[in-house]
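Student: Quick one: structure below, then a few questions.
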Amino acid sequence: MPYLRLEGITKCFGSFIANDNINLSVESGEIHAILGENGAGKTTLMNIISGLYQPDPGKIYLQEKLVKMRSPSEAIKLGIGMLHQHFVLVPQLTVTENIILGTLNGLQINLRQKHLEIAALSQTYGLEIEPTARVGDLPVGVQQRVEILKLLYRQAKLLILDEPTAVLTPREVELLINILRQLAACGHTIMFISHKLQEVIKLCDTVTVLRRGKVVANVSTKETTPQQLATLMVEREIALELHKSPVSLGKVVLSVQNLHVANQQGIVAVRDVSFELHSGEVLGIAGVDGNGQRELADAIAGLQTINQGKIQLNRKSLGYIPEDRQTIGLVLQFSIAQNLILKAFKKFPFCHRFLLQREAIRNHAQSVIQLFDIRAMGADVKVSQLSGGNQQKVVLARELTETPMLIVAMQPTRGLDVGATKAVQQRLLAERDRGAAIVYISTELEEIMAMSDRIAVMYEGEFVAVLDAQRTTVEEIGLLMGGGKR
Amino acid sequence: MTNFFSDYLVSSLRLAVPLAFAALGGLYSERSGVLNIALEGMLLTGAFTSAVATFYTHNVWFGVLAAFISGGLVGLLHAFLSVSLRVDQLVSGLALNLVAAGLTSFLARLVFSSGNTQRLLGIKPIIIPGLANLPLIGPLLFQQDVLVYLLLTLIALSTYVLFYTSLGLTLRAVGESPKAVDTSGISVQKVRYLAVIVSGCLAGLGGAYLSLVQVKYFAEGMSAGKGFIAIAALIFGKWHPIASALACFLFGSTEALQLRIQALGVNIPYQFLTMLPYIVAILALIGLAGRSTPPAALGVSYPEKRA
Amino acid sequence: MNMIRVHPVVLPILPPLIAIGSALLVGAGLILLAGASPITAYTALFQESLSTYFGFGNTLTKMTPLLLTSLGVLVALRAGQFNIGGEGQIYLGALGSAVVGLYVQGIPALIHIPLALFAGFSFGALWGLIPGYLKAIRGVNEVITTLLLNYIAINLVSYLVQHPLQEPGAPSPYSPLIAKTAQLPIILPGSLAHAGILVALVVAGLLWVLLVRSPLGYQISAVGFNPIASRYSGISVERTIMLVMSLAGGLAGLAGATEVMGLKYRLFEVVSSGYGFDAIAIAFLSRGSVLGVVLTSLFFAALRSGANVMQRSAGVPITVIYAIQGLTMLFIAISLTVGRHSHLKT
Chain A
-11 MPYLRLEGIT
-1 KCFGSFIAND
9 NINLSVESGE
19 IHAILGENGA
29 GKTTLMNIIS
39 GLYQPDPGKI
49 YLQEKLVKMR
59 SPSEAIKLGI
69 GMLHQHFVLV
79 PQLTVTENII
89 LGTLNGLQIN
99 LRQKHLEIAA
109 LSQTYGLEIE
119 PTARVGDLPV
129 GVQQRVEILK
139 LLYRQAKLLI
149 LDEPTAVLTP
159 REVELLINIL
169 RQLAACGHTI
179 MFISHKLQEV
189 IKLCDTVTVL
199 RRGKVVANVS
209 TKETTPQQLA
219 TLMVEREIAL
229 ELHKSPVSLG
239 KVVLSVQNLH
249 VANQQGIVAV
259 RDVSFELHSG
269 EVLGIAGVDG
279 NGQRELADAI
289 AGLQTINQGK
299 IQLNRKSLGY
309 IPEDRQTIGL
319 VLQFSIAQNL
329 ILKAFKKFPF
339 CHRFLLQREA
349 IRNHAQSVIQ
359 LFDIRAMGAD
369 VKVSQLSGGN
379 QQKVVLAREL
389 TETPMLIVAM
399 QPTRGLDVGA
409 TKAVQQRLLA
419 ERDRGAAIVY
429 ISTELEEIMA
439 MSDRIAVMYE
449 GEFVAVLDAQ
459 RTTVEEIGLL
469 MGGGKR
Chain B
698 MTNFFSDYLV
708 SSLRLAVPLA
718 FAALGGLYSE
728 RSGVLNIALE
738 GMLLTGAFTS
748 AVATFYTHNV
758 WFGVLAAFIS
768 GGLVGLLHAF
778 LSVSLRVDQL
788 VSGLALNLVA
798 AGLTSFLARL
808 VFSSGNTQRL
818 LGIKPIIIPG
828 LANLPLIGPL
838 LFQQDVLVYL
848 LLTLIALSTY
858 VLFYTSLGLT
868 LRAVGESPKA
878 VDTSGISVQK
888 VRYLAVIVSG
898 CLAGLGGAYL
908 SLVQVKYFAE
918 GMSAGKGFIA
928 IAALIFGKWH
938 PIASALACFL
948 FGSTEALQLR
958 IQALGVNIPY
968 QFLTMLPYIV
978 AILALIGLAG
988 RSTPPAALGV
998 SYPEKRA
Chain C
-18 MNMIRVHPVV
-8 LPILPPLIAI
2 GSALLVGAGL
12 ILLAGASPIT
22 AYTALFQESL
32 STYFGFGNTL
42 TKMTPLLLTS
52 LGVLVALRAG
62 QFNIGGEGQI
72 YLGALGSAVV
82 GLYVQGIPAL
92 IHIPLALFAG
102 FSFGALWGLI
112 PGYLKAIRGV
122 NEVITTLLLN
132 YIAINLVSYL
142 VQHPLQEPGA
152 PSPYSPLIAK
162 TAQLPIILPG
172 SLAHAGILVA
182 LVVAGLLWVL
192 LVRSPLGYQI
202 SAVGFNPIAS
212 RYSGISVERT
222 IMLVMSLAGG
232 LAGLAGATEV
242 MGLKYRLFEV
252 VSSGYGFDAI
262 AIAFLSRGSV
272 LGVVLTSLFF
282 AALRSGANVM
292 QRSAGVPITV
302 IYAIQGLTML
312 FIAISLTVGR
322 HSHLKT
């Protein structure tokens, strides 16, 4: 009998239908993927299974027994554990303290005993961790193991993982895959949310594809291909290829020599990086998040002080597209028009004789909205009301209107759906054609390969290689990203 | 000379007691992530209610109880505003201070005809035999009244609870990562409510000490910024019960200096001495800024508000 | 869920009105507790302060420091800073203007008055710059520093008035009279109302232009809403914070200056009776609007001005006013969440 069976699960938020009559079943010991675009309803469905939400109508059966879970703690008691994409660990506490949090009844904790218990548990499952280590000091891959241990400590039999590989190096992904296979072999059931086609095919036994809240397919991974799955996810032929003209280089726009930069905590984040960038060229910087990309980008933009080395560029002709449009790129409480002048509000024509010129600001906003195809009711709409894609367009519009010679783009397509992603990428390529130089930083290998002329791989603050995009492979870059040597 | 020094220490301790009660209370609240600017108001409320209760019942213990309960009620209100209604915690704290100041002034005029009170019954010190005769430490630690002994016990107890029990673990976790605690099935709201009510009770006790031991009357606004100095002590002590208590002792000693210096015949106008605790508090904060990390979720409502 | 339909103009005013109404209601309860009739008390209060010539003059006089200080709190709030140091900044401003008023002699009023006002502004601005600098550059929370600085300022002035600045032979500590040329003229003859209110209103107008129409106002709002995004766009968050705190301090300093130059003509030990704290309630009550600040400070001024009469004719202690003001702030804090929890809809 299936371990988990969902029957007619539907969930609405107001008039938005997030899950529409979903049926699916998963066997014990199976690794089952839930595939879909952003907004397809994957996370909502998992939140229902893990007890955070209740289905409007719909039934959940565990080993053919009907269950009703009113909260995550009830789900935990039934053996369902969810591993979120953004870890919910307390960085200031130790591994053991994080794992035992919320499980104790008595008053006193015998810490030493707990350390031993946790160590034994980790041995059983082959999850190497140090119980007394402070979680905040651990690398991401190890933190994830702590999260998994949390679930196992509470005797979860069904584990749900939400985009678990998003933050891992290729090597760590392999380790995770081994762990998951082992857990499945021990009888645990695993559900795996992803939007990464290759991984799903490699790791999982079966996959359910969601599109706009509905199940559109339920197949065994042995009987399908990535292209098939992609088509199922979006229902239209998405040109996975970008139209990119051959590179034509101009003069040097950015010169970085022996750069050393420390991060906010004072730890060296960028080590001895040197490169030159010509106009009309896209330099992709590949690497797992946290290897110095942010500090490098900030240093180029003049927002982070440099320890050693030199950066030469014309800072007045720089566009910076930050990685988090909501917290760094925009002032959410401002309107579109107001956000558009965030860099230029002290200059003519927006400011004249000490006062802001409302007419000029509005006209500028209207022409930009048209030019960049920003979908909104008007220039006075607060950007908090816009969709992610449109918010990113506002950021792009602001940074690109002055036709900068150098553009630094940090994860510009993060969290955007396929359509918006393509729009952003096309736009940046158009800038490249007009002669701008672009530093394109991303953690998505396929994107880097498609967008870049040259690719630099960043690992632990260094450029471990600078490769010609035409002549390298995803595997080679993946290896370098994880610290492997050529 | 040792007598003078011994006296000075005792005086410093006694002046530090209300600060320490307030700081300890603030510790619980802030460790759970709830900013507590209302300590000043809680101190004042405790001072007032203990004075009134003692005045009417002629029994100091009712006074202490009244302070404990009334402080807890103010804490409950602060918790309701900041945790349930998710009002900005600074605003809630300031509002409560203003209300406490206003209400206590008003009610004091009604209860005690001229705004201040007659001599209230005080709490007598308890002398611990034998130990009380030790040089220096004797008068300092073993000839105090019950509230001081209670304070010292609470400081030790809090340190133990905070770092060695599951309750303390949960409290600390709520202040650093409320999301982590929420997903492990514990109610963040309940923990915060409890913490803030406790902070009110403790600060209330500090107020009782002010009016029943230190001066034995109630005067409008008698807390005079002690609640804010307590917060400075908390920051300076990095939210650790013992370190914060020592910081309170430091501030108490600067206030004690004021009284001693004139006795020594040094001719400084008293205002400069009155200023001293506040100046020292600011300097302490400057010196430590950046290196004293508050609980990560301090001041942030949970669940977070949308833009 | 039932939606109550409300006219859009009324909606933003509703929460503050409810808050004030609730506070007055509780105040009525307190007055009853004191053994007096709320009707008599409130009638005496508002009649005196708003409809009599002398009473209205009094109201204007009290409105001046309230308005100026509240504008200061408002400006700081726009940049996300809490200036709780209004009280101390008022004292410093009073000091500054008194110094100019006492030690600068022989210049015409046309120069002396602006000079003294400027001195008051500068001294207050300094007292705001200190916590502003500590916050911007050293990361020290400005709530605590501004609070602590209050006590330092009050003691400083107390010392100065008792020693170097004291009028020789005075029965209690106060400074000599400031020069006639530094005194603000009375605008309602026969009352206490002085030109300070005009200064305050002009400043309010200028501030409105600054906050709503100027690039600096835009910068302040940007920093208040999102300091990170502002920094990434080239705005100096540190300088904005220091500027805003200095401005806030300066405005409160102006308040102190007008008290000395228009009302007291001397520096006393007690310059302000809690105006700095009322200003916080006023700034929050007005939900960030300059007009709101003007109207609310009028209301609070009326409360204070009528309080004496209320005490005389209805027998209610003045302190009930402080209670009402505190309660107003509390209900405001609650009303701030009305937008989120209510079923009010336009």
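Residue numbers (my numbering), protein chains in the order written: chain A, -11 to 474; chain B, 698 to 1004; chain C, -18 to 327.
Here a beta-carbon is modelled for each residue, glycine too, at the ideal position from N, C-alpha and C.
On the criterion of 16 or more Cβ atoms from any shown chain inside 10 Å, does C:Met310 qualify as buried, or is it exposed?
Tutor: Against the third sequence, residue 310 of chain C aligns to sequence position 329. That one is buried.
Student: Within 10 angstroms of its Cβ, does A:Arg199 collect 16 or more other Cβ (buried), or is it exposed?
Tutor: In the first sequence, residue 199 of chain A corresponds to position 211, counting from 1. A:Arg199 comes out buried.
Student: Would the beta-carbon of B:Ser747 fall within 7 Å of that of B:Ala735?
Tutor: Your numbering for residue 747 of chain B matches position 50 in the second sequence. Your numbering for residue 735 of chain B matches position 38 in the second sequence. No, Cβ-Cβ distance for B:Ser747 and B:Ala735 is not below 7 Å.
Student: For a contact defined as C-beta to C-beta under 7 Å, what are the partners of A:Glu85 on chain B?
Tutor: Position 97 of the first sequence, counting from 1, holds the residue named residue 85 of chain A. Under the 7 Å cutoff, chain B gives Leu866.
Student: DSSP state of A:Arg(-7), grouped into three classes?
Tutor: Counting from 1 along the first sequence, the entry for residue -7 of chain A is found at position 5. Here A:Arg(-7) sits in strand by DSSP.
Student: Determine whether the beta carbon atoms of B:Ala744 and B:Ser908 lie at a separation below 7 Å.
Tutor: The residue given as residue 744 of chain B occupies position 47 in the second sequence. The residue given as residue 908 of chain B occupies position 211 in the second sequence. Inclusion of B:Ala744 and B:Ser908 in the CB contact set at 7 Å is warranted, their separation being smaller than that value.
Student: Mapping DSSP to helix, strand and coil, what is C:Pro298?
Tutor: Mapped onto the third sequence, residue 298 of chain C falls at position 317. Reduced to three states, the DSSP call for C:Pro298 is coil.
Student: Helix, strand or coil for A:Lys138? Go by DSSP, reduced to three states.
Tutor: Numbered from its first residue, the first sequence carries residue 138 of chain A at position 150. Reduced to three states, the DSSP call for A:Lys138 is helix.
Student: Restricting to Cα atoms, I'd like to know which of A:Ile165, A:Val261 and A:Ser243 is closest to A:Val249.
Tutor: Counting from 1 along the first sequence, the entry for residue 249 of chain A is found at position 261. Ranking A:Ile165, A:Val261 and A:Ser243 by Cα distance to A:Val249 puts A:Val261 first.
Student: Beta-carbon separation of A:Met446 and A:Gly254 under 7 Å?
Tutor: Numbered from its first residue, the first sequence carries residue 446 of chain A at position 458. Numbered from its first residue, the first sequence carries residue 254 of chain A at position 266. Note that the C-beta distance between A:Met446 and A:Gly254 is not below 7 Å.
Student: Is it right to say B:Cys945 is buried, meaning 16 or more other beta carbons lie within 10 angstroms of its own, or is it exposed?
Tutor: Locating residue 945 of chain B in the second sequence gives position 248, where the first residue counts as 1. By the neighbour-count rule (16 or more Cβ atoms within 10 Å), B:Cys945 is buried.
Student: Please report whether the beta-carbon of C:Met(-18) lies at a distance below 7 Å from any beta-carbon of chain A.
Tutor: Within the third sequence, residue -18 of chain C is the residue found at index 1, counting from 1. Note that C:Met(-18) scores 45 on pLDDT, short of 50, meaning its location in the model is unreliable; the coordinates nonetheless yield the value given after this. By this cut-off, C:Met(-18) is not an interface position.
Student: So, with DSSP's three-state summary, where would you put A:Arg421?
Tutor: Here residue 421 of chain A corresponds to residue number 433 of the first sequence, with the count starting at 1. A small fix is needed here, since residue 421 of chain A is Asp in this sequence, not Arg. A:Asp421: helix per DSSP, three-state reduction.
Student: Taking all protein chains shown into account, decide if A:Glu435 is buried (16 or more other Cβ within 10 angstroms of its Cβ) or exposed.
Tutor: Within the first sequence, numbered from 1, the residue matching residue 435 of chain A stands at position 447. Classification of A:Glu435: buried, given that the 10 Å Cβ count is 16 or more.
Student: Relative to the C-alpha of C:Ile94, which residue among C:Gln200, C:Val241 and C:Ile261 is closest?
Tutor: Along the third sequence, one-based indexing puts residue 94 of chain C at 113. The option with the nearest alpha carbon to C:Ile94 is C:Val241.
Student: Under 7 Å Cβ-Cβ, which residues of chain A neighbour C:Ile209?
Tutor: To locate residue 209 of chain C, count along the third sequence from 1; it is residue 228. Within chain A, Thr315 and Ile316 have C-beta atoms less than 7 Å from the C-beta of C:Ile209, given in sequence order.
Student: Of all the residues that make up the region 117 to 128 of chain C, which are near chain B by a beta-carbon distance shorter than 7 Å?
Tutor: Against chain B - using a Cβ distance shorter than 7 Å - the residues of the region 117 to 128 of chain C are Arg119, Gly120, Val121, Val124, Ile125, Thr126 and Leu128.
Student: Identify the residues that DSSP records as bridge partners of A:Lys145: which are they?
Tutor: Residue numbering aside, residue 145 of chain A sits at position 157 when the first sequence is read from its first letter. DSSP, once it has assigned bridges, lists no residue as partnering A:Lys145.
Student: Please compile the residues from chain A whose C-beta is within a distance smaller than 8 Å of the C-beta of C:Gly215.
Tutor: Position 234 of the third sequence, counting from 1, holds the residue named residue 215 of chain C. Per Cβ cutoff of 8 Å: Lys331.
Student: Can you confirm whether A:Pro310, when its beta carbon is compared against all beta carbons of chain C, has any partner nearer than 7 Å?
Tutor: In the first sequence, residue 310 of chain A corresponds to position 322, counting from 1. Chain C, which has a Cβ nearer than 7 Å to the Cβ of A:Pro310, makes this yes.
Student: For B:Ala870 and chain A, any beta-carbon pair shorter than 7 Å?
Tutor: Here residue 870 of chain B is taken as the residue at index 173 of the second sequence, counted from 1. Cβ-Cβ to chain A under 7 Å: yes for B:Ala870.
Student: From C:His322 to C:Leu276, what does the alpha carbon distance come to, in whole angstroms?
Tutor: Mapped onto the third sequence, residue 322 of chain C falls at position 341. Mapped onto the third sequence, residue 276 of chain C falls at position 295. Because C:His322 sits at a pLDDT of 48, beneath the cut-off of 50, its placement in the model cannot be relied upon, and the following sentence gives the value as read from the coordinates. So the two alpha carbons sit approximately 26 Å from each other.
Student: How about A:Gly90: is its C-beta nearer than 7 Å to some C-beta of chain B?
Tutor: For the purposes of this step, residue 90 of chain A is taken as the residue at position 102 of the first sequence. Chain B, which has a Cβ nearer than 7 Å to the Cβ of A:Gly90, makes this yes.
Student: Is it buried or exposed, C:His144, if we count other Cβ atoms within 10 angstroms and call 16 or more buried?
Tutor: Position 163 of the third sequence holds residue 144 of chain C. Exposed.
Student: Could you check the C-alpha separation between A:Val356 and A:Ala385 for me, to the nearest Å?
Tutor: If you number the first sequence from 1, residue 356 of chain A lands on position 368. If you number the first sequence from 1, residue 385 of chain A lands on position 397. Cα to Cα, the separation comes out at about 7 Å.
Student: Just to confirm, are C:Ala4 and C:Leu308 a CB contact at a threshold of 7 Å?
Tutor: Position 23 of the third sequence holds residue 4 of chain C. Position 327 of the third sequence holds residue 308 of chain C. It is a contact, given that the beta carbons lie within the stated cut-off.
Student: From the DSSP output, in three-state form, read off A:Leu343 for me.
Tutor: Along the first sequence, read from residue 1 onward, the residue named residue 343 of chain A stands at position 355. Note: A:Leu343 maps to strand in three-state DSSP.
Student: On the DSSP letters alone, give me the boundaries of the alpha helix (DSSP H) that A:Lys304 sits inside.
Tutor: Residue mapping note: residue 304 of chain A aligns to position 316 of the first sequence, counting from 1. Looking at the DSSP string, A:Lys304 is not in any alpha helix (DSSP H), and its letter there is neither H nor E.
Student: For A:Gln186, return the contacting residues in chain C, with the cut-off set at a CB-CB distance below 7 Å.
Tutor: As a first step, residue 186 of chain A must be located in the first sequence, where it is residue number 198. None at all; the shortest Cβ gap to chain C is about 34 Å.
Student: In chain B, which residues lie with their C-beta within 9 Å of the C-beta of A:Pro60?
Tutor: In the first sequence, residue 60 of chain A corresponds to position 72, counting from 1. Chain B residues near A:Pro60: Asp879, Thr880, Ser881 and Gly882.
Student: Suppose you measure from the CA of C:Gly109 to the CA of A:Asn246; what does that come to, to the nearest Å?
Tutor: As a first step, residue 109 of chain C is located in the third sequence; it is residue number 128 there, counting from the start. As a first step, residue 246 of chain A is located in the first sequence; it is residue number 258 there, counting from the start. Each residue's Cα considered, the two are about 43 Å apart.
Student: Can you look up B:Pro875 in the DSSP assignment and give me helix, strand or coil?
Tutor: Your numbering for residue 875 of chain B matches position 178 in the second sequence. If DSSP states are grouped into helix, strand and coil, B:Pro875 belongs with the helices.
Student: In whole angstroms, give me the CA-to-CA distance for B:Ala1004 and C:Asn207.
Tutor: As a working note, residue 1004 of chain B is residue 307 in the second sequence. As a working note, residue 207 of chain C is residue 226 in the third sequence. Because B:Ala1004 carries a pLDDT of 37, less than 50, the predicted location of this residue cannot be relied on, and the following value inherits that uncertainty. Cα to Cα, B:Ala1004 sits roughly 11 Å from C:Asn207.
Student: So what's A:Thr177 in DSSP terms, helix, strand or just coil?
Tutor: Counting from 1 along the first sequence, the entry for residue 177 of chain A is found at position 189. Correct three-state label for A:Thr177: strand.
Student: Tell me, please, whether the CB atom of B:Thr971 is closer than 7 Å to any CB atom in chain C?
Tutor: As a working note, residue 971 of chain B is residue 274 in the second sequence. Yes, B:Thr971 lies at the interface with chain C (some Cβ there is under 7 Å from its Cβ).
Student: Could you name the residues of the region 706 to 722 of chain B whose beta carbon sits closer than 8 Å to any beta carbon of chain C, in the order they occur along the chain?
Tutor: For the region 706 to 722 of chain B, there are no residues whose beta carbon sits under 8 Å from a beta carbon of chain C.
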